[in-house]
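S.K.:
Numbering (the UniProt record's numbering), first residue to last: 1 to 135.
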């Protein structure tokens, strides 16, 4: 199970954003991508754009009704102190959600001690994410 969001929809077409790594194998194998919604309706998807460096992919599907959307926020409008959520299916876990508070919007990756950072390269999450378990 992977994850994505419908970000625009009309009664005939919907645009979906997901991760590039989600569709990567379909690109290599020239396979059909099927999008299945929470209500179990399925749609054949067409790849509109991929950006490997940011791990994003844009898909489109033909539909017979407007699909529910999750509008995207603006990172330019994001301010320290605002609540944010991350929703997805990491490591084959389904329907996961994490919430947090934005601590800084102008921090550079070098500010947290990461050296030699290469855009698009894999870095283990523990290098960036600090978490505490609250009992």
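All residues carry an ideal CB built from backbone N, CA and C; glycine is no exception. Since the model is a prediction, treat every value here as computed from it, not as a measurement.
Short of 6 Å in beta carbon distance, which residues of its chain neighbour residue 67, apart from the five on each side in sequence? Order them along the chain.
M.R.: As a working mapping, residue 67 is identified with position 67 in the chain shown. These residues qualify, in order along the chain: 6, 9 and 14.
S.K.: Could you tell me whether the stretch 72 to 88 touches the stretch 26 to 38, where touching means 3 or more Cβ pairs closer than 8 Å?
M.R.: no
S.K.: Output the boundary residues of the beta strand (DSSP E) element that contains residue 34.
M.R.: In the chain shown, counting from the first residue as 1, residue 34 sits at position 34. Per DSSP, residue 34 belongs to the beta strand (DSSP E) from 33 to 36.
S.K.: Out of 39, 100 and 51, which one is the CA nearest neighbour of residue 87?
M.R.: Within the chain shown, numbered from 1, the residue matching residue 87 stands at position 87. Nearest of 39, 100 and 51 to residue 87, Cα basis: 100.
S.K.: Suppose contacts are defined by Cβ-Cβ distances below 8 Å. Is residue 12 in contact with residue 62 by that definition?
M.R.: As a first step, residue 12 must be located in the chain shown, where it is residue number 12. As a first step, residue 62 must be located in the chain shown, where it is residue number 62. Yes, the Cβ-Cβ distance between residue 12 and residue 62 is below 8 Å.
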